[in-house]
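Before any comments, here is the structure.
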Amino acid sequence: MSLIEMMILGFLSERTMCGYELRKKMEQLQGDMRRFSDGAIYPATARLVRDGLISERTDVRDGRQRHLFTLEPEGRKRLVEALKDADGFTITDFNRWRVVLTFLSVVPDGADREAVLRRRYDLLSRGDTHFFYCDAGHPLTIDHIDDPYRRGLISVHDAQVEAELSWLRSMLGLDAE
Numbered sequence: 001m002s003l004i005e006m007m008i009l010g011f012l013s014e015r016t017m018c019g020y021e022l023r024k025k026m027e028q029l030q031g032d033m034r035r036f037s038d039g040a041i042y043p044a045t046a047r048l049v050r051d052g053l054i055s056e057r058t059d060v061r062d063g064r065q066r067h068l069f070t071l072e073p074e075g076r077k078r079l080v081e082a083l084k085d086a087d088g089f090t091i092t093d094f095n096r097w098r099v100v101l102t103f104l105s106v107v108p109d110g111a112d113r114e115a116v117l118r119r120r121y122d123l124l125s126r127g128d129t130h131f132f133y134c135d136a137g138h139p140l141t142i143d144h145i146d147d148p149y150r151r152g153l154i155s156v157h158d159a160q161v162e163a164e165l166s167w168l169r170s171m172l173g174l175d176a177e
């Protein structure tokens, strides 16, 4: 499932929306990272309608025609499956992880939600995420980098990781570790 499809299904799990509302919600979730055009939204909604995951109806409001989309039971099922199976690139890429986390409450089983959080926790707690490497391919620590901007990037990243690990420990009941 594409990231766009996951966001569409996720937001429709909250309520019926028109394409414009979906686009705005998706842009808000992605922040300045990504803008979505109608050319991205409507082909995705057309695929989801064709596959029976969402339904579409036309509504006229204030003289304007709107396409309203509603999540179907099969769409909810596929969303839940995609969320509970989140792994690999979906949990390593922060933009994708943000989408998973936004809609993880849709997964009804607490053990399934916890398993997703555990995979992210295991990834982050390995401590092997690095930005800069020496010529031999070994990661450079902040102590070995002179450039203040690269040092800043590492400092911010490390603080974000520690904050997320702290939150994950509390969610997983690992505060004693």
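Position 52, counted from 1, in the sequence shown is what UniProt numbering calls 52; the numbers after and before it change by one each time, with no gaps. Cβ coordinates follow ideal geometry from the N, Cα and C atoms, glycine included. None of the values given here were measured: they were computed from a predicted structure.
Collapsed DSSP secondary structure at residue i in the structure displayed
i: ILE145; result: coil
i: MET1; result: coil
i: ASP59; result: strand
i: ARG96; result: helix
i: PRO139; result: strand
Whether residue i touches residue j by CB criterion (8 Å)
i: LEU3; j: VAL99; result: yes
i: ASN95; j: GLN30; result: yes
i: MET1; j: ALA82; result: yes
i: GLU21; j: GLY52; result: no
Euclidean distance between Cα positions of residue i and residue j
i: PHE11; j: ASP87; result: 21 Å
i: ARG119; j: LEU174; result: 14 Å
i: LEU165; j: ASP59; result: 45 Å
i: LEU123; j: VAL161; result: 10 Å
i: ARG76; j: TYR149; result: 44 Å
i: ALA163; j: ASP147; result: 24 Å
Sheet register partners of residue i (DSSP bridge)
i: ILE54; result: LEU71
i: ARG66; result: ASP59
Nearest-angstrom Cβ-Cβ length linking residue i and residue j, presumed shorter than 8 Å
i: MET26; j: MET7; result: 5 Å
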